[in-house]
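**Q**
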Amino acid sequence: MNKILMVFFLWVILAGFACGAGEGASRAIVTTFYPIQIAVMNVTAGVKGIGVVNLAASTTGCLHDYQLTPRDRAILAQADMVVANGAGMESFGESLLRLRTATRIIDASAGIDLLVTEGVTNSHVWLSPTRHIRQIQTIAAGLAAWDPVHADSYRANASRYEGELKALKARMDRELGELRTRDIITFHEAFPYFASEFGLKVVAVIEREPGTEPSAGELAALIRKVKASDVKAIFVEPQYSAKSAEAISRETGAVVYNLDPVVSGSVSTSAYLDLMEKNLLQLRQALK
Ligand SMILES: [Zn+2]
Numbered sequence: 105m106n107k108i109l110m111v112f113f114l115w116v117i118l119a120g121f122a123c124g125a126g127e128g129a130s131r132a133i134v135t136t137f138y139p140i141q142i143a144v145m146n147v148t149a150g151v152k153g154i155g156v157v158n159l160a161a162s163t164t165g166c167l168h169d170y171q172l173t174p175r176d177r178a179i180l181a182q183a184d185m186v187v188a189n190g191a192g193m194e195s196f197g198e199s200l201l202r203l204r205t206a207t208r209i210i211d212a213s214a215g216i217d218l219l220v221t222e223g224v225t226n227s228h229v230w231l232s233p234t235r236h237i238r239q240i241q242t243i244a245a246g247l248a249a250w251d252p253v254h255a256d257s258y259r260a261n262a263s264r265y266e267g268e269l270k271a272l273k274a275r276m277d278r279e280l281g282e283l284r285t286r287d288i289i290t291f292h293e294a295f296p297y298f299a300s301e302f303g304l305k306v307v308a309v310i311e312r313e314p315g316t317e318p319s320a321g322e323l324a325a326l327i328r329k330v331k332a333s334d335v336k337a338i339f340v341e342p343q344y345s346a347k348s349a350e351a352i353s354r355e356t357g358a359v360v361y362n363l364d365p366v367v368s369g370s371v372s373t374s375a376y377l378d379l380m381e382k383n384l385l386q387l388r389q390a391l392k
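Residue numbers (our numbering): 105 to 392.
(1) Out of curiosity, what's the CA-to-CA distance linking glutamate 251 and serine 333?
(2) Rounded to whole angstroms, what is the Cα-Cα separation between tyrosine 258 and glutamine 241?
(3) Run through DSSP, which three-state label would glutamate 127 get?
(4) So, with DSSP's three-state summary, where would you put phenylalanine 291?
(5) Within 8 Å, do at least three Cβ pairs link the stretch 177-192 to the stretch 319-331?
(6) In chain order, what residues of the same chain lie with their CB nearer than 6 Å to the CB of lysine 331, ignoring the 5 residues before and after it?
(7) Below 8 Å CB to CB, which residues in the same chain sit around alanine 262 once its five sequence neighbours on both sides are set aside?
(8) When the Cα atoms are used, what is the spatial distance from glutamine 343 to proline 296?
(9) What are the complete alpha helix (DSSP H) segments, minimum 4 residues, inside the stretch 122-194?
(10) Let me check understanding here. Comparing Cα to Cα, which of Phe298, Glu194, His292 lies closest to proline 318?
(11) Go ahead and label arginine 235 buried or exposed: buried means 16 or more other beta carbons lie within 10 angstroms of its beta carbon, across all protein chains shown.
(12) Start and end of the beta strand (DSSP E) containing lysine 305?
(13) In angstroms with no decimal places, state the Cα-to-Cα distance between valine 144 and valine 156.
(14) If you reduce the DSSP assignment to three classes, tell me which class aspartate 334 lands in.
(15) May I ask whether a heavy atom of ligand 1 can be found less than 7 Å away from the beta carbon of alanine 294?
(16) CA-CA distance, leucine 247 and phenylalanine 302?
(17) Rounded to whole angstroms, what is the Cα-Cα separation between glutamate 279 and valine 371?
(18) Compute the beta-carbon to beta-carbon distance between proline 365 and alanine 294, rounded to the nearest angstrom, for a pair I have assumed lies under 8 Å.
(19) Tell me which residues share the same chain as aspartate 176 and place their Cβ nearer than 7 Å to its Cβ, disregarding the 5 neighbours each side in the sequence.
(20) Note down, one range per segment and in chain order, each beta strand (DSSP E) of at least 3 residues found wholly within the stretch 357-384.
(21) Excluding the five sequence neighbours on either side, which residues of its own chain have a C-beta within less than 8 Å of the C-beta of glutamate 127, listed in chain order?
(22) Which residues in the same chain as threonine 316 place their Cβ atom closer than 6 Å to its Cβ, once the five residues preceding and following it in sequence are excluded?
(23) So, is proline 139 buried or exposed, given that buried needs 16 or more other C-beta atoms within 10 angstroms?
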């Protein structure tokens, strides 16, 4: 990249920080991806002098194979604080640490009970509302320690948002508790925390790694599994191709629904709550 372009690039990023924080922006909090961006927007709402900037675009989805871009590196170079999901989601974590050791980093999943399947830690912690509340508390405590002047605001915001998440969780418990079937088939390994929270059973996962379609043999095995079970619904994620799910649906008669892992969408403080409401509606339709 030539020098003029680079200067322009940095100017755009810095202007972005300033706009995000309003008048007198002084400190930049960088979030690694969408669910953490939404969480930090809630905890920092209304706090003057703080700008929240997300590394990955809000359309990226999970960060499983994410590589830092030149834009990401420029953003990180300006960061005063980085907030990460942790639990292995940021596989570029090491390079992130090497990039700027002076930057404070909050690991939102620190101290949370993590699920491990076949030796691999599942990183989709935010999909359990109870664990997500812990993430919110960890983020608020970390920001309060880093920026004591606004500590009360971070804590008040966190407790307001925690109340909203608890109300959502209570409604989901109630409505999902009434469902007749509890067996589901999902796309990639995003839903174990969600399923364990709401007593659903993930009978099969169609794609283990995003972007890798199952082989013909694996697809045939999945079709046999669905036929042998009483699974009536397959849940696909809006971020991935529904091709395999549709093939299984054709062969078995199971209906395809959407289940959103909350890794992309509109950038607003209510985004997590809104997407979980949509998931609740889809599950009620599919499993009634
Ligand atoms: Zn994922």
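For every residue, glycine included, the Cβ atom is placed at its ideal position computed from N, Cα and C.
**A** Taking the geometry as given:
(1) The identity of residue 251 in the sequence shown is aspartate, whereas the question assumes glutamate. Approximately 53 Å, taken between the alpha carbons.
(2) 9 Å
(3) With a pLDDT of 43 at glutamate 127, under the threshold of 50, the predicted position of this residue should be treated as unreliable, though the coordinate-derived value follows. In the structure shown, glutamate 127 sits in coil (DSSP, three-state: anything other than H, G, I, E or B).
(4) coil
(5) no
(6) Thr356
(7) Asn146, Val147, Ile240, Gln241, Ile243, Ala244
(8) 18 Å
(9) 138-147, 174-181
(10) His292
(11) buried
(12) 305-309
(13) 7 Å
(14) coil
(15) yes
(16) 30 Å
(17) 27 Å
(18) 4 Å
(19) Leu159
(20) 359-362
(21) Per-residue confidence for glutamate 127 stands at a pLDDT of 43, beneath the threshold of 50, marking its modelled position as unreliable; the derived number appears in the next sentence. Closer than 8 Å at the Cβ level, and outside the excluded window around glutamate 127, lie Lys152.
(22) none
(23) buried
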